[in-house]
Amino acid sequence: MPPPRFPTSGIRIMTTKLPALKEWVDQIAELTQPDSVHWCNGGSAEYHRLIAEMIETGTLSALNDNGYPNCYLHLSNPNDVARVEHLTFVCTPEQEDAGPNNNWMSPDEAHAKMDALFDGAMRGRTMYVIPYCMGPIDSPYSRCGVEITDSPYVVINMEMMTRMGGDALARIEREGTFVKGLHSTGDLDPERRFIVHFPEELSIQSFGSGYGGNALLGKKCHALRIASHQARTEGWLAEHMLLMGIESPDGETHYIACAFPSACGKTNLAMLIPPHSMPGWKIWTLGDDIAWLHLDEDGVLRAINPESGYFGVVPGTNEKTNKNAFDMIHHNTIFTNVARTADNKPWWEGKKIGEPAYDWQGREYDAANGPAAHPNSRFTAAATNNPSYSKLADAPEGVPISAIVFGGRRKELAPLVYEAKDWQHGVFVGASVASETTAAMVGEVGVVRRDPMAMKPFCGYNFGDYWSHWLSFPKRTSKLPGIFHVNWFRQDEDGKFIWPGFGENLRVLRWIIDRVEGRVEARETPIGFLPNAEDIDTSELDIDAATIRKLTTINPVTWAEEMDAIGEYLETFGDRTPQALLDEQQRIKSELDAVDWPR
Ligand code: OXD
Ligand code: MN
1138 MPPPRFPTSG IRIMTTKLPA LKEWVDQIAE LTQPDSVHWC NGGSAEYHRL
1188 IAEMIETGTL SALNDNGYPN CYLHLSNPND VARVEHLTFV CTPEQEDAGP
1238 NNNWMSPDEA HAKMDALFDG AMRGRTMYVI PYCMGPIDSP YSRCGVEITD
1288 SPYVVINMEM MTRMGGDALA RIEREGTFVK GLHSTGDLDP ERRFIVHFPE
1338 ELSIQSFGSG YGGNALLGKK CHALRIASHQ ARTEGWLAEH MLLMGIESPD
1388 GETHYIACAF PSACGKTNLA MLIPPHSMPG WKIWTLGDDI AWLHLDEDGV
1438 LRAINPESGY FGVVPGTNEK TNKNAFDMIH HNTIFTNVAR TADNKPWWEG
1488 KKIGEPAYDW QGREYDAANG PAAHPNSRFT AAATNNPSYS KLADAPEGVP
1538 ISAIVFGGRR KELAPLVYEA KDWQHGVFVG ASVASETTAA MVGEVGVVRR
1588 DPMAMKPFCG YNFGDYWSHW LSFPKRTSKL PGIFHVNWFR QDEDGKFIWP
1638 GFGENLRVLR WIIDRVEGRV EARETPIGFL PNAEDIDTSE LDIDAATIRK
1688 LTTINPVTWA EEMDAIGEYL ETFGDRTPQA LLDEQQRIKS ELDAVDWPR
C-alpha cells in the first residue's frame, strides 16, 4: 500500500525547462561527479523503489508488517544523531548581519571550504534532484526550493515532509526563483561536517551529516534560516511554531501558533486529545514545528504550515501521553534510531508496551549501554497520517491567528501561563524566552539558555534586527493577536512535574482563548496578566489548591533577578537591540522593585 500522499501531477520529470535550474544542476554534477542523476517526481513508485534499494543496501530495514505496515527503521551513524549548532553557519558579507546568535563565516571562505568538500563527493553515488514546495502548492505564501542530495534516506523523508515533485517543479519554472540546497552525507566524519547558509544567495550547503535538521534542507535550513531572512525583506515572519485549531463544543474554532524550543512538546500539543472533563472540544493539527505568518489585505495575521509531515521525537509517546501520535506512527512511518523488540517492532523508552531486544545502535539490548532508543530518536510521518489533521493545512489562504504562545522548559520561575500587556511587551516576552536544553541538539542537556522565540538555532540573521522586525507589525495593522507565555515543566523540590501536561494543557489553552475573547478577568502584575487560580479548570485533576496557586503566582525577587539577566542578554546585541525592548525591561524591573504591586 503506498503511503498517503498529496496529489501530484504524476509526470515523470527528466530535466527542466528553467535554464537557471538546469545550469545549477549541471554545475553541481560537474563538481560532485555522481555516477547518475535522478530527478525526483515524488511518485509512490519512486518512493517504494528507493525503500527497496535501501533495504537491499542495509540503510533501512522493514519493521513487522503485523502492527507496523509500511514502517521502516533507519539507524544513523552514532556520531550523527542530532543537529550540530556549533557546525552551522550563516554566511553574510558583514558578520554583524548574522549577529551574535549565529556562527559566522565569510561567504568567500565558506564557498572555498564547501567546494573542496563537495569536490568528487558523489562518486559512486546517485545524485537526486528534489524540487519541493514549502506550503500548499497554490498558496501565495508558499516558497519553493530544490535540494540536491546523495542520500536516498533524505529523498524519502523529503517526500513526507514537503510537497515534492512535478507540481513543485512546475511552480519553480513559473516563478523562476528557488532556494538552492546542496547536501551530501560525505563520509560522516564530524571533522568534515558543516551546514552553511548564504541568505543573500538564497542557498544552503550541508556536508557530512544525514540527520534530519542537518540534511532535510527544506526544514530548518530553508523554512527557518533562509525564510526568516526572506520574511524580513518581504514583511512576514518565518517561525519555529506549531499551528493548531481549537474547536469548542459550540463550534467556535480559534487558531493559535506556539513557539517552544526543540523537544519541548510542540508535536504533542499540536495533536492533543482533550481531557475527559472537556467533552465536545476538538483539536485540529495544522503543523507541529514551523509556521509562516503573513498579514492579509485586511490586516489579519494568517499562518500556513510550510511542511506536509512531522519529524517528531519518539521517546515518551504512548497511548496515554499522545494517542493520536501513537496511532499515527503505527503505519507508513520511517523510524530513525529507535530500538527493536524481538519480534521486530519499534520500541522506545516510555512506549509502555513490549521490551527492547536490540538498541538504537543495532546491538543486543543491555541496560548498561544506556537508553535502548536514542533520546532524540525520531519518526517521520505524512501529516495526513494524523487522526487530528486539519484540512485547512492545505488552504492556500492559511488560518487567522487568535494568539501567539511562547514557552520554554523551566523547572522554576515561569508560571503556568501569563499574557503580555500588548504586542510590544509580547515581543519582549518572546525575546526573553529561556529553556533547558534537550537532546535535539548536540551538547549538554538540561542547561538553561536564552532561546528567543525558540529561534536561537534557526534565526538566519541578527536577533536585534529580528526583534525590530517583530516590533514593526503594529505600524501595519491594529488586528494583531494576543501574546502569551506558558510553562508546562514546573517541578517540585523532588524534581516531580507539578502540572500534568499533555492533554490537560487544553485547560490552559481554554483560558488563553477566554482572554482573547474578553471572557475572563486576570491579575495584572509587572510581568503580565496572570490567571486567577479559580479560572484554570482543575476538575477531575489530582492537583491541590496550593499547587495551582504556586503555578499562577510569581516570586518578585527571582523575577527581578531574571529581569537583570534578560537586560544583560539584550545588551549583547549592542546597538542592534531595539530601544523598545530595553524600555520594557526597565519598566518591568522598576515595577518589580516597587513594593506595592499586587501579588
Ligand atoms: C526539530 C528540532 O527537529 O527543532 O524540529 O530540532
Ligand atoms: Mn523544531
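Numbering of the sequence shown is given in my numbering, commencing with residue 1138 and proceeding in unit increments. Glycine included, every Cβ here is placed at the ideal spot set by N, Cα and C. Being a predicted model, the structure only gives us computed values, none of them experimental.
Span separating the alpha-carbon of residue i from that of residue j
i, j, result
"residue 1208", "residue 1216", "24 Å"
"residue 1660", "residue 1687", "14 Å"
"residue 1322", "residue 1184", "20 Å"
"residue 1488", "residue 1454", "6 Å"
"residue 1640", "residue 1722", "34 Å"
"residue 1459", "residue 1403", "12 Å"
"residue 1608", "residue 1622", "17 Å"
"residue 1410", "residue 1420", "7 Å"
"residue 1627", "residue 1556", "18 Å"
"residue 1141", "residue 1180", "Note on residue 1141: pLDDT 41, under 50, position unreliable in the model; no value is reported."
"residue 1430", "residue 1494", "45 Å"
"residue 1730", "residue 1324", "56 Å"
"residue 1309", "residue 1268", "8 Å"
"residue 1517", "residue 1590", "25 Å"
"residue 1348", "residue 1213", "8 Å"
"residue 1286", "residue 1320", "5 Å"
"residue 1361", "residue 1599", "14 Å"
"residue 1611", "residue 1436", "10 Å"
"residue 1343", "residue 1312", "25 Å"
"residue 1566", "residue 1543", "8 Å"
"residue 1152", "residue 1469", "29 Å"
"residue 1726", "residue 1341", "41 Å"
"residue 1680", "residue 1552", "15 Å"
"residue 1146", "residue 1231", "Low per-residue confidence applies at residue 1146: pLDDT is 39, beneath 50, and the placement is therefore not dependable enough to give any value."
"residue 1371", "residue 1424", "23 Å"
"residue 1223", "residue 1356", "18 Å"
"residue 1677", "residue 1671", "14 Å"
"residue 1707", "residue 1199", "49 Å"
Heavy atom of ligand 2 within 7 Å of residue i beta-carbon
i, result
"residue 1738", "Nothing about residue 1738 can be read from this structure; the chain reaches only from 1138 to 1736."
"residue 1359", "no"
"residue 1467", "no"
"residue 1377", "yes"
Endpoints, beta strand (DSSP E) assigned at residue i
i, result
"residue 1432", "1428–1432"
"residue 1292", "Per DSSP, residue 1292 belongs to no beta strand (DSSP E); it is in the alpha helix (DSSP H), 1289–1298."
"residue 1515", "1515–1519"
"residue 1440", "1438–1441"
"residue 1571", "1571–1573"
"residue 1546", "Here residue 1546 belongs to no beta strand (DSSP E), and DSSP marks it neither H nor E."
"residue 1156", "No beta strand (DSSP E) holds residue 1156; the alpha helix (DSSP H) holding it covers 1156–1169."
"residue 1659", "1659–1662"
"residue 1556", "1554–1556"
"residue 1284", "1280–1286"
"residue 1173", "1173–1176"
Unbroken alpha helix (DSSP H) run spanning residue i, endpoints
i, result
"residue 1604", "1600–1608"
"residue 1186", "1181–1194"
"residue 1460", "1460–1465"
"residue 1247", "1244–1255"
"residue 1648", "1643–1653"
"residue 1309", "1303–1312"
"residue 1562", "1560–1568"
"residue 1338", "Note, residue 1338: premise wrong, no alpha helix (DSSP H); not H, not E."
Any non-hydrogen atom of ligand 4 within 7 Å of residue i CB
i, result
"residue 1634", "No copy of ligand 4 occurs in the structure displayed; its ligands are ligand 1 and ligand 2 alone."
Below-8 Å beta-carbon distance, residue i vs any chain C residue
i, result
"residue 1647", "No chain C is part of this structure, which consists of one protein chain only."
Contact set, ligand 1 heavy atom to C-beta under 6 Å
1220, 1349, 1350, 1399, 1426, 1448 and 1577
Give the list of continuous alpha helix (DSSP H) stretches no shorter than 4 residues that lie fully inside the segment 1685–1718.
1693–1708
Runs of alpha helix (DSSP H) lying entirely within the segment 1344–1411, each at least 4 residues, in chain order
1349–1352, 1364–1371 and 1403–1407
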